[in-house]
Structure formats: structure tokens, C-alpha cells
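Trainee: In the working numbering, the protein residues as written are 1043 to 1102.
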């Protein structure tokens, strides 16, 4: 197993797959941070007591 990095598959894993995973994790983290900011902002808004209208079920 210690020779994995010397194989073609190991090279592809360390040169392509792993960096791609890291980029996607960073992107996921950024999206979660943005979502949390929106949720916190909406939770801080005072409720005006008006119900939100339901979406129309009429076909377009």
C-alpha cells in the first residue's frame, strides 16, 4: 500500500482527485456559511403577523 503514490491510479488520485475534493469541500463550506447568514438574518427580522401566501396551484 505504501507504493500507491507510484502507480498511475495513485498519481491521478493525488494530482487530480484529492485537489478536486478539497475545492468542493471549500465550496460547500462557503455555501453553508452563506446559508447560515441568510437564516440568521431572517430569524432576526421581526414578524409582521401577516401569513405568507401559499404558492398558486394553477397550471401555467
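Heads up, the beta-carbon is just placed ideally off N, CA and C, and yes, glycines get one too.
Compute the Euclidean distance between the alpha carbons of residue 1071 and residue 1097, then round it to the nearest angstrom.
Mentor: For the purposes of this step, residue 1071 is taken as the residue at position 29 of the chain shown. For the purposes of this step, residue 1097 is taken as the residue at position 55 of the chain shown. Between residue 1071 and residue 1097, the C-alpha separation is close to 31 Å.
Trainee: Which of the three DSSP states is assigned to residue 1044 in this structure?
Mentor: As a first step, residue 1044 must be located in the chain shown, where it is residue number 2. Coil at residue 1044, not helix or strand.
Trainee: If we ignore side chains and look at the alpha-carbon of each, how far apart do residue 1051 and residue 1063 end up?
Mentor: Residue 1051 sits at position 9 when you count from the first residue of the chain shown. Residue 1063 sits at position 21 when you count from the first residue of the chain shown. Whole-angstrom Cα-Cα distance: 16 Å.
Trainee: By DSSP, does residue 1062 sit in helix, in strand, or in coil?
Mentor: As a working mapping, residue 1062 is identified with position 20 in the chain shown. It is helical.
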